[in-house]
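**Student:**
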Amino acid sequence: MNNTGAVLYNVMMYFRAFGLIGIAIAGMWAVFSEVGKGKENMSMLKTLSILAGTLVAAIVFIVLPTMVNYIRSDFSTIVPDHPIGGYR
Numbered sequence: 001m002n003n004t005g006a007v008l009y010n011v012m013m014y015f016r017a018f019g020l021i022g023i024a025i026a027g028m029w030a031v032f033s034e035v036g037k038g039k040e041n042m043s044m045l046k047t048l049s050i051l052a053g054t055l056v057a058a059i060v061f062i063v064l065p066t067m068v069n070y071i072r073s074d075f076s077t078i079v080p081d082h083p084i085g086g087y088r
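Shown next as structure tokens:
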């Protein structure tokens, strides 16, 4: 891997780590704000839906860059970078 690739890979890993931390903080904030509204408004279904939404957001945040990379690498097999006739 060349130097630029290594830098971009490290940036992506830091972005993923800080993104997961942000998603975790947002999920905890949502749960705590619902609890702060009072016991009469809080139900187990609402808590589970908030936690499930946070979990889905974290999974999508981790998987999406990998899927984009796979799609980008597979796209060059469908549409070659260097066509047969060449560029004019």
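Residue numbers for the sequence shown follow this note's numbering, beginning at 1 and rising by one. A virtual CB, placed ideally from N, CA and C, is assigned to each residue, including glycine.
Suppose you measure from the CA of Ile50 to the CA of Val7; what does that come to, to the nearest Å?
**Tutor:** The residue you call residue 50 lines up with position 50 of the sequence shown. The residue you call residue 7 lines up with position 7 of the sequence shown. Roughly 35 Å between the two C-alpha positions.
**Student:** Would a C-beta distance cut-off of 9 Å place Val17 and Thr54 closer than the cut-off?
**Tutor:** Numbered from its first residue, the sequence shown carries residue 17 at position 17. Numbered from its first residue, the sequence shown carries residue 54 at position 54. The sequence as given places Ala at residue 17; Val does not occur at that position. No. Outside cutoff.
**Student:** Less than 8 Å between C-beta atoms, sequence neighbours within five positions excluded: which residues of the same chain meet that for Leu20?
**Tutor:** Here residue 20 is taken as the residue at index 20 of the sequence shown, counted from 1. Once the five neighbours on either side are set aside, the close Cβ partners of Leu20 are Ala58, Phe61, Ile62.
**Student:** Ordered along the chain, which non-local residues of its own chain (more than five positions away) have a Cβ less than 8 Å from that of Glu97?
**Tutor:** Within the shown structure, residues of the chain are numbered from 1 to 88, placing residue 97 beyond reach of any answer.
**Student:** Considering just the uninterrupted stretch of the alpha helix (DSSP H) at Glu34, what are its terminal residues?
**Tutor:** Taking the first residue of the sequence shown as position 1, residue 34 is located at position 34. Start and end: 3 to 36.
**Student:** Apart from the five residues just before and just after Ala30, which ones in its own chain have a Cβ nearer than 7 Å to its Cβ?
**Tutor:** The residue given as residue 30 occupies position 30 in the sequence shown. Closer than 7 Å at Cβ, skipping near neighbours: Ile50.
**Student:** Could you tell me the distance, in whole angstroms, from the CA atom of Val68 to the CA atom of Gly38?
**Tutor:** Within the sequence shown, residue 68 is the residue found at index 68, counting from 1. Within the sequence shown, residue 38 is the residue found at index 38, counting from 1. So the two alpha carbons sit approximately 42 Å from each other.
**Student:** Express the C-alpha separation of Gly5 and Ala24 in angstroms, rounding to a whole number.
**Tutor:** For the purposes of this step, residue 24 is identified with residue 24 of the sequence shown, where counting begins at 1. For the purposes of this step, residue 5 is identified with residue 5 of the sequence shown, where counting begins at 1. Approximately 29 Å between the Cα atoms of the pair.
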